[in-house]
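Take 1 as the starting number for the sequence shown in our numbering and just add one per residue.
Reviewing the structure listed below.
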Amino acid sequence: MRGREPHRVLETAVVIGASMAGLCAARVLSERCRDVVLIDRDPLADGADWRAHVPQGRQPHLLLYAGARLLEEWFPGIGGELYAGGATEFDVCRDFFWYQSGGSLVRPVSRMRGPVMSRPFLEATVRRRVTELPQVTVRERTTGTGLVTDATGQRVTGVRLADGATLSCDLLVDATGRQAKSLAWLKELGYAEPPVSRVTVNTHYASRVYRRDALPARDWKAAAVIGDPATKRLAMVLPWEGERWIVGLVGINGEVPPTDEAGRLAFARSLDSPVIADVMAASQPLGEPVSHRFTANQRRHVEKMRRFPLGWVMIGDAVCSFDPIYGQGMSTAAQQAAALGACLDRSAALDQTFTRRFFRAAARPVVVAWSIAAGGDFMYEGTTGEKPPGTDLLNRYVERVSVAAQHDAAVCVRFTEVAGLIRRPEWLLTPAFVLRVLRYARRGPVGARQAPASPPPLHPYSPGP
Ligand SMILES: Cc1cc2nc3c(=O)[nH]c(=O)nc-3n(C[C@H](O)[C@H](O)[C@H](O)COP(=O)(O)OP(=O)(O)OC[C@H]3O[C@@H](n4cnc5c(N)ncnc54)[C@H](O)[C@@H]3O)c2cc1C
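Here's what the structure looks like:
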């Protein structure tokens with residue numbers, strides 16, 4: 001997108017919600033509108049604090065390569081800025097200890113490099129860059145409460161605010177997250193809600209931050225240990241700026257990770273690999289554990305809406321929110337924002353064709369991420385909802401892919417590219433790749449014994465009685 005003439009089709013756009021989806025939308029719109037107003041009901045402090053209406057910011061967030069790549073394209077140098085602020089530079093193959101299906105994946109060098117950091121730090125850095133764009137005005141503590149339309153009710157012309165004022169616009173982007181506020185406002189105007197798909201899964205996070213400074217060097221920078229699906233347990237440790245770790249323990253469909261430190265350690269020790277328990281045992285906790293519950297993958301099929309007003313679109317979690325264990329939400333939001341830019345470039349007017357084109361284009365990355373997350377969740381007993389035909393077979397095949405990725409660098413890289421949303425899942429099904437997977441999977445899982453042992457802790461932390 002850099003280096004080309006701005007293709008302006010709009011005077012004013014308003015984006016409701018200044019979280020990751022809204023920030024990406026504002027960036028894309030800044031090249032195509034004279035004025036972009038980005039509003040959020042929260043105070044938006046300069047610092048990297050978590051926000052009341054983005055409570056998931058206290059949980060581990062991994063920015064997949066698809067998202068990291070788009071952010072770097074839109075905000076040149078943002079990776080360097082994040083590293084300078086304490087983010088960890090990370091090759092998602094080389095630097096990630098990823099234990100799944102009974103062994104750890106091999107760790108070849110890959111092209112998939114990006115920053116790992118806390119979610120609030122990432123968001124604050126992106127927000128600062130968006131605020132610097134001359135076309136964009138960011139308004140904090142500003143709550144949208146309804147839509148303004150033309151006399152026919154068929155075109156959205158603005159948003160009503162809680163203080164009684166209105167903001168006029170040519171295009172309104174709803175980036176209000178999973179609740180998708182504008183759908184209730186549209187209902188008042190007589191529009192039906194889009195059809196919804198739900199795959200219900202009970203995913204419980206209990207995360208805690210630890211100090212990182214006393215730890216010995218390890219040959220990985222982040223780790224995820226995914227237990228056998230029957231255990232319904234997994235855990236991850238990610239580096240945060242400020243020399244911290246965040247350790248997220250996750251239980252699925254009835255498994256609830258404890259929040260007392262002794263119980264947390266026992267939970268981590270129950271996993272097949274000791275690496276995360278070792279980090280916890282050697283680290284000093286900072287602050288209390290924080291829990292978060294996610295109840296269902298939810299996709300609104302906006303592309304199937306029969307009637308919708310012109311000048312209105314939705315993006316991000318408002319359209320689709322995925323089980324967070326797959327780490328897809330921010331990257332899919334960025335991919336949808338990229339689709340918005342591409343569709344605006346192909347449209348001379350904000351007519352039906354534009355809206356339909358955008359909803360169809362934005363559905364493409366959503367379908368891919370949905371197939372991974374909602375499909376993958378059916379590995380856990382107790383997951384309910386619409387199960388696409390072939391899901392069980394595919395899940396069994398993915399188990400084999402992850403076993404083969406414990407032996408073979410090429411399998412590992414492609415598997416990681418699919419998980420990182422830069423290749424479509426079909427790439428795991430080409431005949432040559434399937435043969436390779438079957439050949440290596442025959443060797444069986446490498447097992448915990450062959451996983452790189454963590455060095456003994458230098459200053460063990462005792463959680464006390
Ligand atoms: C536990 C957990 C872990 C996760 N881990 C990852 C991960 O590892 N990687 C990843 O990519 N994603 C992860 N996600 C998903 C990620 O957090 C979201 O996908 C991402 O925040 C994009 O969401 P969004 O911007 O669409 O909505 P949200 O982040 O929900 O933001 C909505 C915004 O809209 C504002 N708002 C709402 N209503 C109004 C209104 N009426 N007026 C004004 N403002 C309003 C809110 O204040 C908020 O700022 C995780 C989610 C959870 C729950």
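Cβ coordinates follow ideal geometry from the N, Cα and C atoms, glycine included.
DSSP three-state call for residue i: helix, strand or coil?
i, result
"residue 365", "helix"
"residue 27", "helix"
"residue 110", "coil"
"residue 100", "strand"
"residue 296", "strand"
"residue 220", "coil"
"residue 330", "helix"
"residue 143", "coil"
"residue 210", "strand"
"residue 459", "Any reading at residue 459 must be qualified, since the residue scores a pLDDT of 36, below 50, and its modelled position is unreliable; the value itself is stated next. Of the three classes helix, strand and coil, the one that applies to residue 459 here is coil, per DSSP."
"residue 413", "helix"
"residue 43", "coil"
"residue 490", "Nothing can be reported for residue 490, as the shown portion of the chain is limited to 1 through 465."
"residue 321", "strand"
"residue 78", "helix"
"residue 231", "helix"
"residue 399", "helix"
"residue 35", "strand"
"residue 226", "strand"
"residue 384", "strand"
"residue 137", "strand"
"residue 350", "coil"
"residue 467", "Here the chain covers residues 1 to 465 and nothing more, so residue 467 does not appear."
"residue 287", "strand"
"residue 440", "helix"
"residue 446", "coil"
Any chance the CB of residue i is under 8 Å from a heavy atom of ligand 3?
i, result
"residue 108", "No copy of ligand 3 occurs in the structure displayed; its ligands are ligand 1 alone."
What number of angstroms, rounded off, separates the C-alpha of residue i from the C-alpha of residue j?
i, j, result
"residue 131", "residue 21", "15 Å"
"residue 385", "residue 200", "6 Å"
"residue 420", "residue 167", "37 Å"
"residue 357", "residue 315", "14 Å"
"residue 445", "residue 261", "31 Å"
"residue 433", "residue 329", "28 Å"
"residue 461", "residue 331", "Residue confidence is low: residue 461 scores 35 on pLDDT, short of 50, so the model does not pin down where it sits. Its coordinate-derived value is still stated next. If you take the alpha carbons of residue 461 and residue 331, they lie about 36 Å apart."
"residue 424", "residue 339", "16 Å"
"residue 59", "residue 224", "14 Å"
"residue 171", "residue 36", "9 Å"
"residue 237", "residue 120", "17 Å"
"residue 387", "residue 326", "18 Å"
"residue 450", "residue 414", "Reliability fails at residue 450, whose pLDDT of 44 lies under 50, so the model's placement of it is uncertain and no value is given."
"residue 226", "residue 253", "15 Å"
"residue 174", "residue 16", "5 Å"
"residue 157", "residue 146", "11 Å"
"residue 63", "residue 322", "14 Å"
"residue 143", "residue 405", "47 Å"
"residue 398", "residue 32", "41 Å"
"residue 82", "residue 243", "14 Å"
"residue 341", "residue 93", "31 Å"
"residue 241", "residue 50", "14 Å"
"residue 198", "residue 369", "14 Å"
Mind checking whether residue i and residue j have CB atoms under 9 Å apart?
i, j, result
"residue 235", "residue 286", "no"
"residue 269", "residue 245", "no"
"residue 318", "residue 180", "yes"
"residue 27", "residue 74", "yes"
"residue 229", "residue 381", "yes"
"residue 355", "residue 313", "yes"
"residue 56", "residue 324", "yes"
"residue 9", "residue 169", "no"
"residue 23", "residue 140", "no"
"residue 439", "residue 298", "no"
"residue 441", "residue 400", "yes"
"residue 18", "residue 39", "yes"
"residue 183", "residue 300", "yes"
"residue 233", "residue 247", "no"
"residue 155", "residue 309", "yes"
On the DSSP bridge list, what partners appear for residue i?
i, result
"residue 174", "16 and 314"
"residue 53", "Note: residue 53 sits in no beta bridge, so no partner."
"residue 90", "114"
"residue 166", "160"
"residue 205", "250 and 292"
"residue 504", "This structure cannot settle anything about residue 504, because the visible part of the chain is limited to 1 through 465."
"residue 149", "156"
"residue 183", "Paired residues: none, contrary to the question."
Check whether the Cβ of residue i lies closer than 9 Å to any Cβ atom in chain E.
i, result
"residue 51", "Given the protein chain composition of this structure (a single chain), no chain E is represented."
Practice prompt. Starting from the N-terminal side, write out each stretch of the alpha helix (DSSP H) that is 4 residues or longer and does not extend beyond the stretch 236-285.
Written response: 261-269 and 275-281
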